[in-house]
Amino acid sequence: MANPRPRQPKRSGQAASVGSSVTSRALAVLGAFDSDRPRLTLSEIARRSDLPVATTYRLVGELVDWGALQRKGNDYMVGHRLWQLGLLAPVNHNIAEIAAPYMQDVLFVTKNIVNLFVLDGDRVLLLERILGTRVGSPFRRVGDHLPLHASAAGKAILAFGDPTLMESATQKMDKLTEHTLTSPEQLRREVARVRETGYAVSNQEAGDRNFGVAVPIISMSGRCTAALGVVSQEAPNRIGEVEPVLRITARRISRRMGVAMDE
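Per this note's numbering, residue 93 is the first one in the sequence shown, and the count goes up by one each step.
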């Protein structure tokens, strides 16, 4: 007898299947969560991880008991135990810990939200953020990703990072807002401008009322896999004042990273 409910094709990013190992299925459950969907119901987890509900129910229960997930009502979220493990990851030689005090200085001078981004595959990851009480609501959360072509940090890394990044950045230029660059030629011209000026801007390209300025953080060896920037809800009218502060701070972070690697 034919199956009355044929199995749907697996969606991108889902690696688990009924016959896969317990480990891969548990990882698929954890991988169902992302910055866009930090809270999921059991059925949503099952659908996003491509697992039967019964299997998902068992795995989720074990992950809750261990502390990798926590439950609130009918929703599940990433748990404190997983968060604690994440803090142990030596991301870019603990650049977030090194950069934090310098980012405070940028906040004091510019009164804007200060962001630290690192390259993560073909996107940038918001690794750290410093904000005060009078700088408005943050546009992104720590752990969020942005595409290279639609962010000031991404453009800064494109301009001073590995040349092969441009090829991947131009392969999929999703239009996030009406202001997002969608032409490879537009992006190449913009990145060329960043190389000349030393800083990158984003004018509502990743979200409405989201304006950013960023500079590259170039290591002592000449590598660039991180960027420091500020973001505001209004178009900056004093980039000439903000950019030097970011540039000096980026150099200080780079020097401190070099010292930390030698210690």
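Backbone N, C-alpha and C define an ideal beta-carbon position, used for all residues, glycine too. Note that this is a predicted model, so its numbers are computed, not measured.
Rounded to whole angstroms, what is the Cα-Cα separation between residue i and residue j?
| i | j | result |
| --- | --- | --- |
| Leu151 | Pro336 | 51 Å |
| Arg139 | Ile331 | 46 Å |
| His185 | Ser346 | Caution is warranted here: a pLDDT of 49 is assigned to His185, below 50, making its placement in the model unreliable, and no coordinate value can be reported. |
| Asp266 | Leu219 | 22 Å |
| Ser324 | Arg215 | 21 Å |
| Ile340 | Val334 | 10 Å |
| Pro276 | Thr148 | 42 Å |
| Ile205 | His237 | 17 Å |
| Leu208 | Arg343 | 14 Å |
| Arg131 | Glu259 | 34 Å |
| Pro144 | Gly178 | 28 Å |
| Ala120 | Ser127 | 16 Å |
| Val110 | Thr272 | Residue placement at Val110 cannot be trusted, given a pLDDT of 47 that sits under 50; what the coordinates show is reported in the next sentence. If I take the Cα positions, the gap works out to 40 Å. |
| Glu189 | Leu217 | 15 Å |
| Ser116 | Ala284 | 43 Å |
| Leu211 | Ala318 | 6 Å |
| Ser313 | Gly171 | 38 Å |
| Asp157 | Arg163 | 10 Å |
From the DSSP output, read off the bridge partner residues of residue i.
| i | result |
| --- | --- |
| Lys164 | Asp167 |
| Glu259 | Beta-bridge pairing links Glu259 to no other residue. |
| Ile222 | Val206 |
| Val216 | Leu211, Leu238 |
| Leu155 | Answer by DSSP bridge pairing: none, since Leu155 is not bridged. |
| Thr133 | Asp167 |
Label residue i either buried or exposed according to how many other C-beta atoms from any shown protein chain fall within 10 Å of its C-beta, with 16 as the threshold for buried.
| i | result |
| --- | --- |
| Thr133 | exposed |
| Arg287 | exposed |
| Arg232 | buried |
| Phe252 | buried |
| Gly246 | buried |
| Gly304 | buried |
| Glu282 | buried |
Kindly indicate which residue of the options has the alpha-carbon position closest to the one of residue i.
| i | options | result |
| --- | --- | --- |
| Ala248 | Ser112, Ile310, Ala192 | Ile310 |
| Val293 | Cys316, Leu320, Pro276, Met312 | Leu320 |
| Asp167 | Ala192, Phe125, Leu174 | Phe125 |
| Thr269 | Arg315, Ala298, Phe200 | Ala298 |
| Glu326 | Ser313, Gln196, Asn302 | Asn302 |
| Leu257 | Met195, Leu240, Val305, Arg129 | Leu240 |
| Arg315 | Gly235, Gly350, Ile222, Ser243 | Gly350 |
| Ala242 | Asp300, Thr289, Pro193, Asp142 | Asp300 |
| Arg221 | Ala245, Ala192, Arg280 | Ala192 |
| Leu155 | Arg173, Ala146, Gly213, Asp142 | Arg173 |
| Val114 | Glu136, Ser141, Arg129, Gly165 | Ser141 |
Using a Cβ-Cβ cut-off of 8 Å, state whether residue i counts as contacting chain B.
| i | result |
| --- | --- |
| Ile249 | The structure shown contains no chain B; it holds only a single protein chain. |
Mind checking whether the beta-carbon of residue i lies closer than 7 Å to any heavy atom of the ligand MN?
| i | result |
| --- | --- |
| Ala160 | No copy of the ligand MN occurs in the structure displayed, which carries no ligand at all. |
Problem set entry | beta strand (DSSP E) runs contained entirely in the region 264-348, provided each spans 3 or more residues | 292-295, 303-310, 316-324
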